[in-house]
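Below you'll find the structure, written out as structure tokens, and then a few comments.
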């Protein structure tokens, strides 16, 4: 049984890549990162990106390279790093995480572009993020890179057992060909009285994340395997930290608002299924992908358990077969669990950490819940803009500007 | 009552099944045999991509439109059965693309959710300016023939590998009714100047990210001469070849290039797709399907021949409607010969 999004256990693979110049000897020999490493970095340890030693991050000349660390290597961390590398001039970007694909939450997610609901975020903002993500992935889907990036177009139906209050959701004109299902189409689902038909995108973590990593590497970004226990560990080696640690922000940002919503899914072989089917509540779904079909799911608030539950698997299969009886012939069933990093809204804001005379600008970018993949590019663009503002502020000579 | 079906493509096997389903319980004894020179995977049905879609223009015989619809509804009734995939059957949605505005097809209310393409959808296909989206069905030839063979075997229908030289030979062998489902080779049993091969070549690739069919149309070039991409259960069929009168059974390199270039231009993601196989088939082209009865006088007895061939590039699309029609004709023959124990329940 595979476990995803695990915070403990398995040996970690050394992911650091060279960019410009040599990596200090201290790091070249490292095969495994010792998780029990002391908090913070002793003054001897230098992280890649330490191209010049600054006595204090508060003094920075306008032409200096801004050293940025992104914590987290799920879809949010990697896409933010890529956006930063494109948007922020004269910067170095290092992604630091203890988990990489295929062990992140993003690898478990089916990756369907159907937006979640963020009660604390204004609708126009959600729509903007979704549209930006959709447009970004749509371009990839229509290019020769689609297979490499794990992005594909899928059509299907969202069906309801009773007429929903909102027959046309805010994202109806972002997806393609949105319309109400006809009576004939609804006959396929005798227990449902209303439905929406549309074409959307699917973006698969196990292909997309490596694709992002390649993009990042291509623009000089670095990737480092390390478990960060405290954001201050990154000071003074980095000038700005982007916190994309998802559920890890409970600890790293001391945020009690973020909690897991456990999702169990089955990945099965059923290549004849060409359409997605989603029950309006979002609890039961069938999402055909490139090499398997994802059947789901569960929404278990506050549940941190990463081990699949056999009873739940039976329930998922049964609910999905009720919607699509041909799934009785599905085989090679694999159970997976992911913990959605859930929050009333995505936390996308700057924070200046202060400790004595030390200052560390942080951009928080986490809490996407069930919408990590659906919203990632839009929120990453915004996070990159915030990082750019921080970089600007750092480069602006005295009087010291407040962030 | 001895019935011999000649031909083991989709037409032969489905007709055999239809007749057996409807009459075995109302006849004293019904013996059905299938004679064919080629069985799956060597039939033309095996080459077909299997998408249910009639030609765009109305058929010269309006009955064909009815048979197409009957087939769609029959197949649709199996969606929702756990065995649909065993039949090679699955719903599939996709795009029909044109260079200019065209009238809606006569079958637009048969398929599901028929609509025009939106501008953003058309953006995906820069060479085309108009199109349709609808949900239809895939009926994969090979899988369906295997399924039909299993159903027929369960019913005790026998299969014989035989090259039939004439109807007379089969009649002298004891057949009371012969169903002629010889497809593109019907001319060998009875000359038919209206029947011609419409040679097709297809490339099957591994491209599991393709969930939609994409069919382009070029009215100047004609049907099936424009690139098409049709996902099957495992592989994706690429095509776009239609050569009237060409009997060459070998794959042709120019045709390969035509298909490959056309489909990769249409769908750039295909450029790295792995080729699984490549085959050639012959659509049994005819101005309309020959579906009619003919009496054969062999010696002192009368043998009935029911012809059911000439389904062009829409054999899978129309097969069940034609099978039902043949079954109707068969029923009439039984009535004429006073062979029915009770009225057939299915007609």
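Residue numbers (full-length UniProt numbering), protein chains in the order written: chain A, 1 to 403; chain B, 1 to 347.
Ideal Cβ placement from N, Cα and C applies to all residues, glycine included.
Q. From this set, A:279, A:232, A:271, which residue's C-alpha is nearest residue 358 (chain A)'s C-alpha?
A. Distances from the CA of residue 358 (chain A) to each of A:279, A:232, A:271 were compared; the closest alpha carbon is that of A:232.
| said: Here's the rule: buried if 16 or more other CB atoms are within 10 angstroms of the residue's CB, otherwise exposed. What is residue 169 (chain A)? | reply: With 16 or more Cβ atoms within 10 Å of its Cβ, residue 169 (chain A) is classed as buried.
- Message: With H, G and I counted as helix, E and B as strand and the rest as coil, what does DSSP make of residue 348 (chain A)?
- Response: Reduced to three states, the DSSP call for residue 348 (chain A) is strand.
**Message:** My assumption, with CB atoms under 8 angstroms, is that residue 364 (chain A) sits in contact with residue 349 (chain A). Please give the rounded CB distance.
**Reply:** At roughly 6 angstroms, the Cβ-Cβ gap stays under 8 angstroms, so residue 364 (chain A) and residue 349 (chain A) are in contact.
Same chain only: Cβ atoms within 8 angstroms of residue 313 (chain A), ignoring 5 sequence neighbours per side
Sequence-distant Cβ neighbours of residue 313 (chain A) in its own chain, meaning closer than 8 angstroms and more than five residues away, are 264, 266, 333, 335.
Given that a residue counts as buried once 16 or more other Cβ atoms are within 10 Å of its Cβ, and exposed if not, what is residue 344 (chain A)? Taking every protein chain shown into account, the CB of residue 344 (chain A) has fewer than 16 other CB atoms within 10 angstroms, so this residue is exposed.
Report task. Say whether chain B places a C-beta atom closer than 8 angstroms to the C-beta of residue 132 (chain A). Result -> By the rule that beta-carbons nearer than 8 angstroms mark a contact, residue 132 (chain A) does not touch chain B.
Does any residue of chain B have a CB that is nearer than 8 angstroms to the CB of residue 279 (chain A)?
Residue 279 (chain A) is outside the set of residues whose beta carbon lies under 8 angstroms from a beta carbon in chain B.
Review point. Considering only the beta carbon of each residue, do residue 254 (chain B) and residue 60 (chain B) sit closer than 8 angstroms?
Key: In this structure, the beta-carbon distance from residue 254 (chain B) to residue 60 (chain B) does not fall below 8 angstroms.
Practice item. Can you pull the chain A residues whose beta carbon is under 8 angstroms from the beta carbon of residue 211 (chain B), in chain order? Key: Per Cβ cutoff of 8 angstroms: 152, 153, 154, 155, 274, 275, 288.
(Q) Comparing C-alpha positions only, which one of B:34, B:252, B:57 sits nearest to residue 222 (chain B)? (A) In terms of Cα proximity to residue 222 (chain B), the closest of B:34, B:252, B:57 is B:57.
Is it true that the stretch 243-253 of chain A meets the stretch 154-163 of chain A, where meeting means three or more beta-carbon pairs spaced less than 8 angstroms apart? The stretch 243-253 of chain A, when compared against the stretch 154-163 of chain A, does not touch it at the 8 angstroms Cβ threshold.
Which residues share a DSSP beta bridge with residue 407 (chain A)? The structure shown does not extend to residue 407 (chain A), since chain A is modelled only from 1 to 403, so the question has no answer here.
I'd like the ranges of any alpha helix (DSSP H) spanning at least 4 consecutive residues and lying wholly in the stretch 227-284 of chain A. DSSP runs (the alpha helix (DSSP H)) wholly in the stretch 227-284 of chain A: 249-252.
Is there a Cβ of chain B sitting closer than 8 angstroms to that of residue 328 (chain A), yes or no? The beta carbon of residue 328 (chain A) falls within 8 angstroms of a beta carbon belonging to chain B, placing the residue at that interface.
Can you find a C-beta in chain A that's less than 8 angstroms from the C-beta of residue 92 (chain B)?
It does: the Cβ of residue 92 (chain B) has a partner Cβ on chain A nearer than 8 angstroms.
>> Counting only beta-carbon separations shorter than 8 angstroms, does residue 86 (chain B) have a partner in chain A?
In response: Taking CB atoms only, residue 86 (chain B) has a neighbour in chain A less than 8 angstroms away.
Partner residues on chain B for residue 188 (chain A), Cβ-Cβ distance less than 7 angstroms | The answer, in chain order, is 79, 80.
Close-in-space but distant-in-sequence residues of the same chain around residue 405 (chain A) (CB under 7 angstroms, 5 per side omitted)
Since the displayed chain A opens at 1 and closes at 403, residue 405 (chain A) lies outside it and no answer follows.
Between residue 202 (chain B) and residue 271 (chain A), how many whole angstroms is the CB-CB distance? I'm expecting something under 8 angstroms. About 19 angstroms separates the two Cβ atoms, so there is no contact after all.
**Separation of residue 42 (chain B) from residue 328 (chain B), as counted between CA atoms** = Going from the Cα of residue 328 (chain B) to the Cα of residue 42 (chain B) covers about 29 angstroms.
Which class does residue 98 (chain B) belong to by DSSP, given the choice of helix, strand or coil? Shown here, residue 98 (chain B) sits in a strand according to DSSP, grouped into three states.
Once DSSP output is grouped into helix, strand and coil, what is the label at residue 301 (chain B)? Residue 301 (chain B): strand per DSSP, three-state reduction.
Along chain A, in chain order, which residues have C-beta atoms closer than 7 angstroms to that of residue 133 (chain B)? Those are 177, listed as they occur along chain A.
Next item on the list: Ignore the nearest five residues each way along the sequence and tell me which others in residue 106 (chain B)'s own chain have a CB closer than 7 angstroms to its CB.
Entry: Excluding residues within five positions, the ones whose Cβ falls inside 7 angstroms are 58, 65.
> In chain order, what residues of the same chain have a beta carbon less than 8 angstroms from the beta carbon of residue 174 (chain B), not counting five sequence neighbours either side?
Replying inline: Once the five neighbours on either side are set aside, the close Cβ partners of residue 174 (chain B) are 2.
Would you kindly check if the distance between the Cβ of residue 276 (chain B) and the Cβ of residue 238 (chain B) is under 8 angstroms? In this structure, residue 238 (chain B) keeps its C-beta atom at 8 angstroms or more from the C-beta atom of residue 276 (chain B).
**Item:** Status (buried if at least 16 other CB within 10 Å, exposed otherwise) for residue 165 (chain B)
**Value:** By the C-beta density criterion, residue 165 (chain B) is exposed, having fewer than 16 other C-beta atoms within 10 angstroms.
For this session: Alpha carbon to alpha carbon, how far is residue 198 (chain A) from residue 178 (chain A)? Give it in angstroms, no decimals.
Result: In a straight line, the C-alpha of residue 178 (chain A) is about 4 angstroms away from that of residue 198 (chain A).
Query raised in the report: How is the alpha helix (DSSP H) around residue 324 (chain B) delimited, first residue to last?
Result: 315-336 is the span of the alpha helix (DSSP H), which, as asked, contains residue 324 (chain B).
| task | Identify every run of the alpha helix (DSSP H) within the stretch 69-151 of chain B, keeping only runs that are complete inside it and at least 4 residues long; order them along the chain. | result | Assignment of alpha helix (DSSP H) within the stretch 69-151 of chain B, counting only whole runs of 4 or more residues, yields 119-122 in chain order.
task: Report, in whole angstroms, the separation of the C-beta atoms of residue 130 (chain A) and residue 378 (chain A), which I expect to be a contact under 8 angstroms.
output: With a Cβ gap of about 6 angstroms, residue 130 (chain A) and residue 378 (chain A) count as contacting.
How many Å lie between residue 338 (chain B) and residue 216 (chain B) at the Cα?
Whole-angstrom Cα-Cα distance: 52 angstroms.
Does the Cβ-Cβ distance between residue 157 (chain A) and residue 277 (chain A) come in under 8 angstroms?
One thing to note: residue 157 (chain A) has its Cβ within 8 angstroms of the Cβ of residue 277 (chain A).
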